DNA sequence: CACCTATTTGAACGGTGTCAAGATAATCTT
DNA sequence: AAGATTATCTTGACACCGTTCAAATAGGTG
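Residue numbers (the numbering used here), protein chains in the order written: chain R, 1 to 209; chain C, 1001 to 1209.
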């Protein structure tokens, strides 16, 4: 779309063969190896087996590469959330299933998750963040309406969805903190701890009636 | 304590005069000027008017400097929270007053706030994070018990406090997102938006009775 | 074939974190 | 008070980083 309209099948356009894709994969590999702060564009190029200047024909900037990585991450996250939302929801309710999947995704790909939100913070840089968020967001909103049994106003559903999103994001970033360790063992495990917190987070009716 | 036991009054020990303090101040200045990603140790030294190698006699690493900056930030945050917790709480309840102060602190010092949690994530690097968190954390817990009118178990109060902390942290990081803009104007302002979200976040009784 | 365009390389520039050695100034010992 | 000691700061250097630009290379087109 942007540059060469990469041929969709067996993409091996010129010298290397879909370097753009290879760079994205290399970036994710290096990312989870050395963490978000230690990642260098040169290391990504090294991992992909090309010269340090090669990436500049596929991404105008290091930032643009990171942006693409973040976008990929959001796509994967939404897949995981959709899977959790459509699974059978007998044990917990759907809302806390989604929240659990969210936190577990962040725990499984911590560096990628960090890059995702480092990108998302720069609004101008993510013009179509709406598109990505909306899918996850609407799932949460639907689950909230379902949990409230229809007796919730549109704006309250929206606020509750934002609250849930914020809380789960915070939990994703802080679930590893040392202060929570004793409580986790006390409750019998990581998952039980997360469910416990989520039970408090995802309340659907505001106080003050 | 660590090095020279800096004389408490008129601290101008050797050549420059309490360079450690000057470096911390310079770091905060540069931080809020160029953002957390763009901050360089050399720029901090430049701002303080010393050579690039000078900081290495007061901090073993760039990381150690950032850690000290983060610690300072947590101290300031706790001051702000304590002020909000002890103020008259007629308009909103104490819980949402604290949450509001938290988010506003993060909005006023965005780069410092980022450094704070970048440090806090590395648990090994913040051995006494407990000390700092506990003050803010116990305030939240007390406010939760107050809001629940005493009919809340210890573990539920703990979980609710964690939930509130996570949610407010998430809100602090995402309150600037573009998706929330229309809702903000619809609700009549930033503060009203924040109160609205916090009303959903800080519920004190979990579902499933 | 020659031509053109996209891709990749190589070398270079300024900036960065960090360290070793030397210079400088405050403190300690006598 | 004078010399020895120690802490502080500067200078210079190294490797690495992001980025650019001219040259080299290779696929597509006539």
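Glycine is no exception: its CB is placed at the ideal position from the N, C-alpha and C atoms.
Values in this document were obtained by computation on a predicted structure and should not be read as measured data.
Beta carbon of residue i nearer than 8 Å to that of residue j
i: residue 192 of chain R; j: residue 109 of chain R; result: no
i: residue 1081 of chain C; j: residue 1101 of chain C; result: yes
i: residue 19 of chain R; j: residue 30 of chain R; result: no
i: residue 175 of chain R; j: residue 194 of chain R; result: yes
i: residue 171 of chain R; j: residue 1166 of chain C; result: yes
CB contact check: residue i to chain C, cutoff 8 Å
i: residue 173 of chain R; result: yes
i: residue 105 of chain R; result: no
i: residue 163 of chain R; result: yes
i: residue 167 of chain R; result: yes
i: residue 196 of chain R; result: yes
i: residue 160 of chain R; result: yes
i: residue 180 of chain R; result: yes
i: residue 73 of chain R; result: no
i: residue 77 of chain R; result: no
i: residue 34 of chain R; result: no
i: residue 50 of chain R; result: no
i: residue 65 of chain R; result: no
i: residue 136 of chain R; result: no
i: residue 170 of chain R; result: yes
Whole-number beta carbon distance between residue j and residue i, since they are thought to touch under 8 Å
i: residue 137 of chain R; j: residue 161 of chain R; result: 6 Å
i: residue 68 of chain R; j: residue 47 of chain R; result: That belief does not hold up - the Cβ atoms of residue 68 of chain R and residue 47 of chain R are roughly 15 Å apart, past 8 Å.
i: residue 1197 of chain C; j: residue 163 of chain R; result: 5 Å
i: residue 139 of chain R; j: residue 74 of chain R; result: Residue 139 of chain R to residue 74 of chain R, Cβ: 14 Å. No contact.
i: residue 1093 of chain C; j: residue 1084 of chain C; result: Rounded, the Cβ-Cβ distance is 12 Å, inconsistent with contact.
Min CB distance residue i to chain R below 8 Å
i: residue 1117 of chain C; result: yes
i: residue 1043 of chain C; result: no
i: residue 1038 of chain C; result: no
i: residue 1109 of chain C; result: no
i: residue 1201 of chain C; result: yes
i: residue 1183 of chain C; result: yes
i: residue 1149 of chain C; result: no
Same chain, Cβ closer than 8 Å to residue i, five either side skipped, listed in chain order
i: residue 1158 of chain C; result: 1141
i: residue 1199 of chain C; result: 1096
i: residue 87 of chain R; result: 97
Beta-carbon contacts of residue i that lie in its chain and below 6 Å, excluding the five residues immediately before and after
i: residue 168 of chain R; result: 99, 102
i: residue 1059 of chain C; result: 1065
i: residue 114 of chain R; result: 36
i: residue 52 of chain R; result: 42, 45
i: residue 1177 of chain C; result: none
Own chain partners of residue i with C-beta closer than 7 Å, once the 5 adjacent residues on each side are dropped
i: residue 35 of chain R; result: 111
i: residue 72 of chain R; result: 24
i: residue 190 of chain R; result: 184
i: residue 1028 of chain C; result: 1069, 1112
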